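Each remark here refers to the structure printed beneath this line.
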Amino acid sequence: MLLAVLSGFLIAAVAPWVHRGLGRHSGWALAALPAVLFIYFASFLPALGETDGGRIILEYDWIPSLGIQLTFLVDGLSLLFALLISGIGFFVVAYAGRYLEGHRDLGRFYVLILAFMASMLGLVLSSNLISLFVFWELTSITSYLLIGYNHEDAKARKSALQGLFVTVAGGLALLTGLIMMALVGGSYELHELLTSGDIFREHDWYLAILLLVLLGCFTKSAQYPFHFWLPNAMAAPTPVSAYLHSATMVKAGVYLMARLNPSLGSTEDWMLLLGLFGAVTMFVGVFLSVRSTGVKQVLAYSTVMALGTLTMLIGVGTETAMLAAMAFLLAHSLYKGALFLVAGILDHEAGCKDFLQTGGLRRALPVTTVFAGLAALSLAGVLPMFGFVAKELLFEAVLEAPALAGLLSVFAVVSAVMVVAVAAIVGIRPWYGPRVDTPKTPAHEAPPALLAGPVILASLGLLFGLGAGLVDQGLIAWAAAAVYGAPVSPYLSLWHGFNLPLLLSGVSLALGLLLYLNWERFRRFTGFMAVVDRYGPEAAYEKAMAGMVWLSEWQTRVLQNGYLRYYLLTILISTVGLVMVTLFTRTHVHIDLDLSGILVHEAFIVAVLLMAALVSVTTRSRLGAVVSLGAVGFCVALIYVLFSAADVGITQVLVETLTVIMLVLVLFRLPGFLGLTPMVLRIRDAVIALAVGAMMAVLKLAASTTRYADSISEYFIQESQPSGYGRNIVNVILVDFRALDTLGEIVVLALAAVGVYAMIKFRAEDRK
Amino acid sequence: METLMAFTVGGLFAAAIYMMLRRSIVKLVIGLVLLSNAANLLLFTQAGLLRGAPPLVPEGAMQPAGAVADPLAQALILTAIVIGFGVLAFAVVLIHRAYEVVKADDMDQMKDTDT
Amino acid sequence: MNSQFALQSLILRTAAHFLLPLLLIFSVFLLLRGHNEPGGGFIAGLVAASAVALYMFALDIRSAKRVLRFEPRDLLGWGLLFGVISGVPAVFVGQPFFTSQWLELTLPVLGELKVGTPLLFDVGVYLVVIGAVLLILLSLAEAED
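If you want it as structure tokens, here you go:
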């Protein structure tokens, strides 16, 4: 399993060479990987059948010494997704090989799409919340790179960035939510969290967790008001749109909501949030879809509709709803994948990017026409397609919804009407009617690599519809059970008899066709909606981004002002403030002001030291400053010697001498002190300097009466002669006990010297 | 004595900080020298002050007789002094080069990154 | 250089001629006894560097460089090399890097002598300190020339 998830990354790493070696057949060759993965995942089906829709958990040691494991969770839900990802992945990779043939970056494309597939598989199979999140973000990043695939196009770059910002912002919220979940549930393992739903639902943090997790899911799955990035993401090459932005990635949010339903679901908040946002997204999506004319725009907005529908169904939360959600998910992936690939064929063969440019292509592209029609029928939910089964269940679920049944039903029916119109736009408009002059005249039917996807995916839609019972006993029911948190009794079938859902289906079909016939009028009638674009969520996003840039400019101006002393002031004032407040409010330090036992010559040295320091600060002569600095250094050296540190004292004297020599060498070339600062500022600085000095003195006094741990010096003192063979303990520490530290220190010294040398040397060369 | 040293260290820190807040680069360097002295002295006092008990083992003995000053702090300060010299030299040369570019001993002339 | 720094004092120049070898020998003495009495690589290195610096002030840079014979940069490299090499022997006897290794020698005149990797390490420190300080001072003095 580990290999299966990671193989995508491994193959991605070598994909450019495969591409270079195999040329135009590289698409088929690389498509072998998803095909193998599909078979591998399918091999889990019997095992899952034996556990009757239970779950299989696979654990791998990741960092055994820390007890960190990589856990994978295989149940109906994750297997359904894994099969969709690898299955559709196969067609998309093969398709891309032909669709982007001759594109100079095709090698890079393979890398990205395979890496994306691996991330997506990791996401749906991970049982650990953290690895799930890592894969989640990986899909965002690969998606960003794929949307911006045509990186020379400014619009593609902008769209890519928009998608990244929206999904990653949600990702941050999600991470917080997941960590809170782990804290509440006491585990990072999903399979342990899923059984403890009541703990979450009764916890104080429930609402916070819910909102954070949903924010992540809503942004990823393009729920209103975050839906705007998805249609813009259509700047990506068509296979990417087909794969990421309809069949797989955008469903990651749906997946996570479904996955967490047993833990977080079936509360009133859950139903309201998911139900309402889902329903609104569904309606907005399909409405915008009918209004659009661009081929990929129409499909993208109808994907938004589908995502809304799924969210709504998960929110409804009944057994039927879960069954409907899973059936709808499968149906949607099949027909939407097929339709996007058809859109790619339209572009590739006829150069059409807008439905208004199309018409009468059935003679040129007969096979495409048939299977586009088949997929569109499934989209519209017409008997006997699988889409029909899903739609029946959808109506049934919302009619029986425990809350908001009326509202949701109205939304569902109105949306269904418009979906039919969309299906007609896609399935009828380009193919039938009078021949329209297309930008490119298709010379022949699309090649097999392009056709394979639409043909098989659309046929599967028909097959599953006719044999609904085949699917329902197995995967769909298990998936629904995983979401529902308990076994569900499957009853998918094509024909449920005459009932209310069927009636609604029929009505929506008729009204939808009517709408299609009045498409032009509808678009003209809703033209006023353009106003919304100016004030809608996307405008808000633009405003927010502009605001962020403004804010960062402002704070950079304020914080990074270029004046060293303001940086220092900020650091010093906050340090003094924080240390003092903590020292006097949080601790009970005892400050011992014992001035006894000072010898006269010691007091004298200290007095000279402070005087010299004062002179070096106040003098107007550079030489005076350097000399008094030397005096400070020698006084310090005397203090070292007086208090039993001969080595340190000697070193200090020598270094002080060299320092004075060096300062004299350099500073004499600089002009004298100018007196640049007015008096007021000097007093301010003096006050701050004295505050820092006072803080250090108080800290020192407080620290000398507090000792938390024993010093390790005792060991050095005892062992210096016996194991270091040296009687000068300081030197033994330097060259034996802590030799590695000393090595580091002499390296620093050497580097400083080389730096000095280089700076002077290069300047000399500049002059030449 | 430790009390007196605490105030001495405080005084040195105050002098160092005041110099570092000036506009003159030369004063900044003087501030750095004072600061490293202050920090070394702080470390030294914190390890405890003992008169006439250097951390040496008498000849022929295995351990020193009686308490000796903390050798670890001394080792740390010893290297710190030498490294301080190296870093100071680096800073001095850097400042010297900056002066050659700006032609003024004033840091306000250096606040733009592209000079 | 001559104009500003070389203090044209005959006494100092004569003294420097005598002081330089004395101070250098003294620095080696400090280095060797450093393990048992105050001294050691850092102090010895500083003394040696100061000696050359004094010479430089008394005469001029060129004579200081001539009397040094080595490039300070090379001293840096050798010093670091000695420092690292002194840690290696421990690896061959299966101990952690930098564990000290000692060898007891009985020499005819000096009697018993303990030679160990810490001594080599101290020599490394000595060379690095001389190299670094002189590299800095000589470069600065040359730049001011």
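Top to bottom, those sequences are chains A, B and C. Using our numbering, read the first sequence as starting at 1 and increasing by one per residue. Using our numbering, read the second sequence as starting at 769 and increasing by one per residue. Using our numbering, read the third sequence as starting at 884 and increasing by one per residue. Cβ coordinates follow ideal geometry from the N, Cα and C atoms, glycine included. Please read all numbers here as calculations on a predicted model, not as lab measurements.
Residue i, buried or exposed, once every other Cβ within 10 Å from all chains shown has been counted against 16
i	result
A/Pro262	buried
A/Val5	buried
B/Thr883	Since pLDDT at B/Thr883 reaches only 39, below the 50 mark, its modelled position is unreliable, and no value is offered.
A/Lys391	buried
A/Gln297	buried
B/Lys795	buried
A/Thr651	buried
A/Thr659	buried
B/His742	An answer regarding residue 742 of chain B cannot be provided, because it is not within the stretch 769 to 883 covered by chain B.
A/Arg557	exposed
C/Gln887	Confidence at C/Gln887 is low in this model, with a pLDDT of 47, below 50, so its placement is unreliable and the value that follows should be read with caution. Classification for C/Gln887: exposed.
B/Gly854	buried
A/Glu553	exposed
C/Gly977	exposed
C/Asn885	Low local confidence applies: a pLDDT of 43 at C/Asn885 is under 50, so the model's placement there is unreliable, with the coordinate-based value given in what follows. Label assigned to C/Asn885: exposed.
A/Tyr715	exposed
C/Asp957	exposed
A/Val250	buried
Cα-Cα separation, residue i to residue j
i	j	result
A/Asp647	B/Arg791	36 Å
A/His601	A/Met695	27 Å
A/Met769	A/Val284	Summary: the structure shown does not reach residue 769 of chain A, with chain A confined to residues 1 through 768, and so no result is reported for it.
A/Cys635	A/Gly649	10 Å
A/Leu681	A/Leu564	15 Å
B/Val860	A/Gly744	22 Å
C/Pro972	C/Phe980	8 Å
C/Lys997	C/Ser983	12 Å
C/Val1074	B/Ala783	In this structure chain C extends from 884 to 1028, so residue 1074 of chain C is not present and cannot be described.
A/Glu50	A/Met326	21 Å
A/Arg104	B/Leu803	60 Å
C/Leu951	A/Arg620	38 Å
A/Pro34	A/Ala42	12 Å
A/Thr677	A/Ala603	34 Å
C/Ala941	C/Ala947	9 Å
A/Ser126	A/Ala32	23 Å
A/Ser489	A/Glu319	8 Å
A/Arg738	A/Gln721	15 Å
A/Gly185	A/Glu192	8 Å
A/Ala401	A/Val316	6 Å
Span of the alpha helix (DSSP H) around residue i
i	result
A/Tyr484	Ala477 to Tyr484
A/Ile729	Ile729 to Val732
A/Val692	Met679 to Ser704
A/Ser783	There is simply no residue 783 of chain A to check, as chain A begins at 1 and stops at 768 in what is shown.
A/Arg622	Arg622 to Leu642
B/Gln877	Run containing B/Gln877: none; DSSP gives neither H nor E here.
C/Gln838	Because chain C here runs from 884 to 1028, residue 838 of chain C falls outside it and cannot be looked at.
C/Pro1001	Thr1000 to Glu1027
A/Thr775	Because chain A here runs from 1 to 768, residue 775 of chain A falls outside it and cannot be looked at.
A/Asn561	It is not in any alpha helix (DSSP H) - A/Asn561 carries neither H nor E in the DSSP assignment.
A/Tyr149	Taken as a continuous stretch (DSSP letters only), A/Tyr149 belongs to no alpha helix (DSSP H), as it is neither H nor E.
A/Pro722	Ser713 to Gly724
A/Ile591	Run containing A/Ile591: none; DSSP gives neither H nor E here.
A/Trp229	Trp229 to Asn232
Contact belief for residue i with residue j at Cβ below 8 Å, rounded distance in angstroms
i	j	result
A/Met545	A/Leu462	Rounded, the Cβ-Cβ distance is 45 Å, inconsistent with contact.
B/Pro832	A/Val730	At roughly 12 Å, the Cβ-Cβ gap does not stay under 8 Å, so B/Pro832 and A/Val730 are not in contact.
C/Gly928	C/Val1012	3 Å
A/Leu299	A/Ser378	Actually they do not touch by this definition, with Cβ atoms about 14 Å apart.
B/Tyr786	A/Val617	6 Å
A/Phe81	A/Tyr255	6 Å
C/Pro955	C/Leu913	Going by Cβ atoms, the distance from C/Pro955 to C/Leu913 rounds to 20 Å, so no, they are not a contact pair.
Mind pulling the beta strand (DSSP E) runs of 3 or more residues that sit fully within the region 907–961 of chain C?
none
Which ranges would you report for the beta strand (DSSP E) in the region 5–86 of chain A if only whole runs of at least 3 residues count?
56–63 and 68–74
Identify every run of the alpha helix (DSSP H) within the region 411–479 of chain A, keeping only runs that are complete inside it and at least 4 residues long; order them along the chain.
448–466 and 468–471
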